[in-house]
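Engineer:
Protein chains in written order, with this note's numbering: chain A, 2 to 115; chain B, 19 to 130.
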């Protein structure tokens, strides 16, 4: 049973560029959430996708956008990168309707913006 | 929205001692409180969780307590071992979405 996978593992970009991160959920899960974890901080919720639609969004600008595909995999896109976007980006999958909605995290993508 | 405060930020104990990490939350509608352990360079992993209709939950050396009135919840680790060394995050979430708001984390160091 494959867990949550993310690609790429590491990424280096320069200011103003655009980036796309990818996530495949745990087998059987239908919901994908994205988090940004800055160094020394807890994960900050970006948004959640279910049934190919953004279901909830955290306090992040429109430069952050996403997509969910019919196979439940997801992408996170960030436009006009800023130095402050450097962080570990975590994807978490879950199954809607489960009482606890436990979030299973992927290994993350380390984004460095120079 | 929800605001979760966590302390201490760093906790250093000797092997075999107990460790306690405390969190407070602001949203009285929060009803699900997971705790995650994140080892260096690895993903956060759920270690225990508690719902608001329960005051305490135990799993071997780990226990979590919840005081809804005071909006406090705590993680207790007994008989700590060096492999318990990691960053621990508390979180609170409300409603049907169960989107967790995380605390800033506690770095637990267990000295052999």
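Cβ coordinates follow ideal geometry from the N, Cα and C atoms, glycine included. These numbers come from a predicted model, not from an experiment.
#1: For residue 115/A, which residues in the same chain have their Cβ closer than 6 Å to its Cβ, ignoring the five residues on either side in sequence?
#2: Quick one: residues in its chain with C-beta nearer than 7 Å to the C-beta of residue 51/A, no 5 flanking neighbours on either side, listed in chain order?
#3: For residue 37/B, which of 94/B, 124/B, 57/B, 108/B has the nearest alpha-carbon?
#4: Using 7 Å as the limit for Cβ to Cβ distance, is residue 117/B near chain A?
#5: Quick one: grab the DSSP three-state call for residue 84/A.
#6: Tell me whether the region 33 to 51 of chain A and the region 34 to 52 of chain B touch, counting them as touching only if at least three CB pairs, one residue from each stretch, are closer than 8 Å.
#7: If you count every other CB in all the chains shown that lies within 10 Å of the CB of residue 117/B, and 16 or more means buried, which is it?
#8: According to DSSP, simplified to helix, strand and coil, what is residue 45/B?
#9: What residue range is occupied by the uninterrupted beta strand (DSSP E) comprising residue 104/B?
Structural biologist: If we stick to the structure as given:
#1: Closer than 6 Å at Cβ, skipping near neighbours: 15.
#2: If we look at residue 51/A and ignore the five residues flanking it on each side, its Cβ neighbours are 31, 32, 97.
#3: If we check each option's Cα against that of residue 37/B, 94/B comes out closest.
#4: Closer than 7 Å to some Cβ of chain A, the Cβ of residue 117/B qualifies, so yes.
#5: Three-state result, residue 84/A: helix.
#6: Not touching, per the Cβ criterion.
#7: With a 10 Å radius around the Cβ and a threshold of 16 neighbouring Cβ atoms, residue 117/B comes out buried.
#8: The three-state reading of DSSP puts residue 45/B in coil, since its state is none of H, G, I, E or B.
#9: It spans 104 to 112 - the beta strand (DSSP E) in which residue 104/B sits, taken as one unbroken run.
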